[in-house]
Amino acid sequence: MAFRYSDRHRIEKELIKMNFKTSLNIILLALGFLLFAMINNIFVSSARLDLSENGLYSLSDGTREVVDEIDEPINLYFFFSQKISRDMPSLRTYSQRVYELLEEYELIADGKIKLNFIDPEPFSEQEDRAAEFGLQSVPINQAGDELYFGLAGTNSIDGQEVIPFFQPDKEEFLEYEISKLVHNLAKPEKALIGVYSDLPVQASVDPRNFQPTSAWVFMQQLEELFEVQMIEDLEKDELGGLDLLLIVHPKGLSESALYSVDQYVLSGGKLIAFVDPLAELDQPGPGPSAVPSKSSDLNAITKKWGVALREQMILGDPEVALLVGGADGRPLRHLGILGFSKDYLDQGSVVTSSIENVNMATAGIFDVDTSLGTKIETLIRSSESSGLLEGYQFEYLSNPEDLQKGFSSTGESFVVAARISGPAVSNFEGGIAGREAFVSSAENIQVMLIADTDILADRLWVQVQSFFGQQIATAFADNGALVANAVENFSGSSSLISVRSRGQFSRPFEVVDRLRRNAEVSYLQSAERLQVELADTERKLAELESASPKDGLIRLSEEQTEAIKSFQDQKLRIRKELRDVRHRLDKDIEDLGGWLKLINILVMPLMLTGLLLVIRIVRYQEKAS
24 MAFRYSDRHR IEKELIKMNF KTSLNIILLA LGFLLFAMIN NIFVSSARLD LSENGLYSLS
84 DGTREVVDEI DEPINLYFFF SQKISRDMPS LRTYSQRVYE LLEEYELIAD GKIKLNFIDP
144 EPFSEQEDRA AEFGLQSVPI NQAGDELYFG LAGTNSIDGQ EVIPFFQPDK EEFLEYEISK
204 LVHNLAKPEK ALIGVYSDLP VQASVDPRNF QPTSAWVFMQ QLEELFEVQM IEDLEKDELG
264 GLDLLLIVHP KGLSESALYS VDQYVLSGGK LIAFVDPLAE LDQPGPGPSA VPSKSSDLNA
324 ITKKWGVALR EQMILGDPEV ALLVGGADGR PLRHLGILGF SKDYLDQGSV VTSSIENVNM
384 ATAGIFDVDT SLGTKIETLI RSSESSGLLE GYQFEYLSNP EDLQKGFSST GESFVVAARI
444 SGPAVSNFEG GIAGREAFVS SAENIQVMLI ADTDILADRL WVQVQSFFGQ QIATAFADNG
504 ALVANAVENF SGSSSLISVR SRGQFSRPFE VVDRLRRNAE VSYLQSAERL QVELADTERK
564 LAELESASPK DGLIRLSEEQ TEAIKSFQDQ KLRIRKELRD VRHRLDKDIE DLGGWLKLIN
624 ILVMPLMLTG LLLVIRIVRY QEKAS
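Quick note on the numbering used here: the sequence shown kicks off at 24 and runs consecutively.
Below, the structure is given as structure tokens:
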């Protein structure tokens with residue numbers, strides 16, 4: 024069958040028409056994509072979807088509650104040395120992680136938080152501002168460049184809070200630290216801490232010699248950080264207005280006093296209690312009297328919450344026992360005086376994660392019952408080499424070696440400090456006579472128990488010296504920091520306490536690492552060559568010095584002078600090579616980042632456009648057939 028010209032002309036027209044439609048579709052798709060991006064940027068910029076593992080970029084409900092409590096605007100100033108850190112891709116990645124999390128705070132605050140990014144370049148006003156805020160700088164090279172990586176915040180009444188430096192190894196507490204800063208700016212008034220103690224923690228008079236005594240250092244620190252109110256009578260004093268109740272060595276509390284503590288906790292109050300099977304600082308008064316008990320506990324109320332102090336039993340632990348002077352003056356391990364390092368502290372808790380070591384004396388242990396519904400976290404534990412000692416073994420102890428006699432390890436790790444949270448019920452069914460108000464249960468109590476009171480004593484963690492009339496305290500253990508951390512954490516809002524720890528964020532950049540490794544090979548080779556040449560030159564200079572006249576003058580020949588000048592030129596050249604290696608590395612990383620951005624921006628839209636075109640062509644062919 025002959026192919027007519029009219030048919031050919033018709034087909035060409037159809038092809039031109041189809042090409043035109045295809046081109047028009049591409050243009051319309053591109054315009055549609057741009058229009059969608061513009062509408063999204065203008066109207067839907069606040070909508071975000073977190074598809075990251077573990078929800079890294081999603082704020083917890085506790086943080087959202089903290090932000091909702093903001094009444095006055097808060098300014099956040101994020102300081103990061105962008106230019107100085109160009110050779111630190113991992114730190115730059117983490118800084119981006121921090122900044123994006125801060126953006127989430129700004130986003131959910133609905134205008135009540137304003138975030139500012141500041142790059143404090145050397146010798147700039149921004150660097151001076153970072154220093155004025157009290158941010159911590161870190162030297163990163165021999166040139167004296169200092170890197171800033173911290174956060175400062177201000178409120179409408181000139182209140183100021185800072186995070187001196189974001190430590191990448193503490194990332195699990197990142198959200199908590201930021202939320203705490205925001206909370207302190209939103210609620211700048213000091214927390215009210217009620218302190219009840221059967222030990223002389225305040226400045227007083229020693230009943231044995233009637234000499235004045237100073238307040239314990241931990242109390243001095245608390246009074247600097249918080250508003251402290253001493254509670255004389257737990258039964259009569261009003262506890263409801265306290266942000267936190269701190270109880271030290273509760274001895275022989277009446278039923279009514281125990282009831283007050285029980286109801287305070289179930290009504291939403293937070294409690295930190297130090298109890299002890301043998302409080303060494305519990306000294307009897309003057310005059311003849313029977314030796315009073317030096318033990319204390321709150322078992323009458325805490326047992327029903329799943330934690331109880333084992334009575335009259337003292338923890339012995341040879342693995343963490345501290346050295347003391349023996350009867351003959353030589354140092355030996357004291358099984359009852361213990362120093363707990365980080366290995367025995369919960370690194371997942373904001374209270375203990377930053378603590379290096381805690382010292383205790385004649386500490387007790389807690390029995391834990393997890394069947395009662397409460398959540399019990401072990402903050403401090405003993406080693407598996409530990410065992411138990413009877414209280415009477417310490418009554419007239421003169422030689423610590425005597426504690427070794429008959430001691431045996433149980434192979435068990437005991438709980439020394441614990442945190443209780445979650446649902447709980449009252450220990451007083453129906454209440455008690457004469458007290459009308461009664462709370463039978465609570466959804467989430469907040470209690471911390473420590474099985475030692477001597478942990479607070481100055482002698483175990485701090486040395487106090489007089490310097491020109493001023494008392495200077497120098498800590499050799501972190502007992503005071505532990506107390507401050509616990510009080511700070513517990514005295515904050517319930518929302519802040521509930522802020523969850525975030526998981527570690529680690530994403531290996533294999534291509535970047537490979538670039539860095541290649542650059543480092545070149546760098547190390549150049550550096551090694553420089554060191555060899557430098558050593559050779561120093562040897563030659565030493566020979567010249569030894570051969571110089573006794574008058575000390577070194578006379579160099581023209582060849583020697585030229586050799587030294589040649590080495591100096593070579594040294595400058597190699598230094599330039601090292602800089603070039605670094606610059607090439609930076610350029611490779613920046614180019615890689617540019618390509619990744621281009622891929623993220625263009626590839627997905629192009630793939631979508633291509634897919635739609637394929638679908639369009641397939642449908643057209645189906646219609647044509």
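No residue lacks a Cβ here, since even glycine has one placed at the ideal position from N, Cα and C.
None of the values given here were measured: they were computed from a predicted structure.
Chain-order list of residues whose beta-carbon lies under 6 angstroms from that of residue i (same chain, five-residue window excluded)
i, result
"S431", "G410"
"L634", "none"
"L265", "L215, G217"
"E511", "none"
"S290", "V462"
"A209", "E92, I93"
"L649", "Limits of the chain in this structure are 24 at one end and 648 at the other, which puts residue 649 out of reach."
"F532", "With a pLDDT of 49 at F532, under the threshold of 50, the modelled position of that residue is not reliable, and the figure given next carries that caveat. Once the five neighbours on either side are set aside, F532 has no close Cβ partner at all."
"Q286", "V462"
"D305", "K317"
"D475", "D299, M383, A386"
"P162", "E169"
Which of helix, strand or coil DSSP assigns to residue i
i, result
"H272", "coil"
"T397", "coil"
"I378", "coil"
"M111", "coil"
"E424", "helix"
"I638", "helix"
"F532", "Reliability of the predicted coordinates at F532 is poor, the pLDDT of 49 falling under 50, and the value obtained from them is presented with this limitation in mind. It is coil, neither helix nor strand."
"S160", "strand"
"D390", "strand"
"G503", "helix"
"S405", "coil"
"A323", "helix"
"Q527", "Here Q527 scores only 44 on pLDDT, less than 50, and its place in the model should not be relied on; the value that follows carries that caveat. It is coil, neither helix nor strand."
"F188", "coil"
"S4", "Limits of the chain in this structure are 24 at one end and 648 at the other, which puts residue 4 out of reach."
"E435", "coil"
"T497", "strand"
"S118", "helix"
"G633", "helix"
"Y171", "strand"
"G176", "strand"
"S516", "coil"
"S449", "coil"
"V197", "Here the sequence assigns Leu to residue 197, which means Val is not the residue at that position. DSSP places L197 in helix when its eight states are reduced to three."
"S283", "helix"
"L479", "helix"
"P311", "For P311, the predicted structure reports a pLDDT of 49, less than 50, and the residue's modelled location is therefore unreliable. A value from the coordinates is still provided. Correct three-state label for P311: coil."
"A132", "coil"
DSSP bridge partner residues for residue i (one or two, in chain order)
i, result
"K293", "Q469"
"P354", "G348"
"M336", "E413"
"S444", "K398, Q469"
"K137", "N98"
"L267", "I216"
"L361", "A344, M383"
"V487", "A496"
"Q306", "According to DSSP, which records beta bridges pairwise, Q306 is partnered with nothing at all."
Own chain, CB closer than 7 angstroms to residue i, minus 5 neighbours either side, in chain order
i, result
"I180", "P211"
"D481", "W239, V240, V487"
"M253", "V218, Q225"
"P292", "The amino acid at residue 292 is misidentified as Pro; the sequence shows Gly. Around G292: L262, L265, L268."
"S312", "Low local confidence applies: a pLDDT of 48 at S312 is under 50, so the model's placement there is unreliable, with the coordinate-based value given in what follows. Correct list: empty, nothing qualifies."
"L204", "L174, G176, E184, I186"
"D369", "T375, E400, T401, L402"
Close Cβ partners of residue i (< 8 angstroms) along its chain, the five nearest in sequence each way excluded
i, result
"E413", "Q335, M336, I337"
"D574", "Below a pLDDT of 50, predicted positions are generally treated as unreliable, and D574, at 49, falls in that range; the measurement from the model is reported next regardless. No residues qualify anywhere along the chain."
"D256", "A280"
Near the ligand COA: residue i beta-carbon under 8 angstroms from a heavy atom
i, result
"Q370", "As for the ligand COA, it is missing from this structure, which has no ligand bound."
### Task
Just list the beta strand (DSSP E) runs in the region 200–265, keeping only unbroken ones of 3 residues or longer that don't cross its boundaries, in chain order.
Runs of the beta strand (DSSP E) inside the region 200–265: 215–220, 250–253.
### Query
Three or more beta-carbon pairs under 8 angstroms between the region 388–402 and the region 344–357, yes or no?
These segments do not touch.
### Message
Is it the case that the region 434–445 contacts the region 266–275, given that we only count it when at least three CB pairs across the two stretches are under 8 angstroms?
### Response
No contact exists between the region 266–275 and the region 434–445.
### Message
Taking 8 angstroms as the cut-off, does the region 469–483 touch the region 493–502 (at least 3 CB pairs, one atom from each stretch)?
### Response
By the C-beta criterion, the region 493–502 is judged to be in contact with the region 469–483, since at least 3 inter-stretch pairs fall below 8 angstroms.
### Task
Check whether the region 109–120 touches the region 135–152, taking contact to mean three or more Cβ pairs, one atom from each stretch, closer than 8 angstroms.
With the cut-off at 8 angstroms, the region 109–120 and the region 135–152 do not touch.
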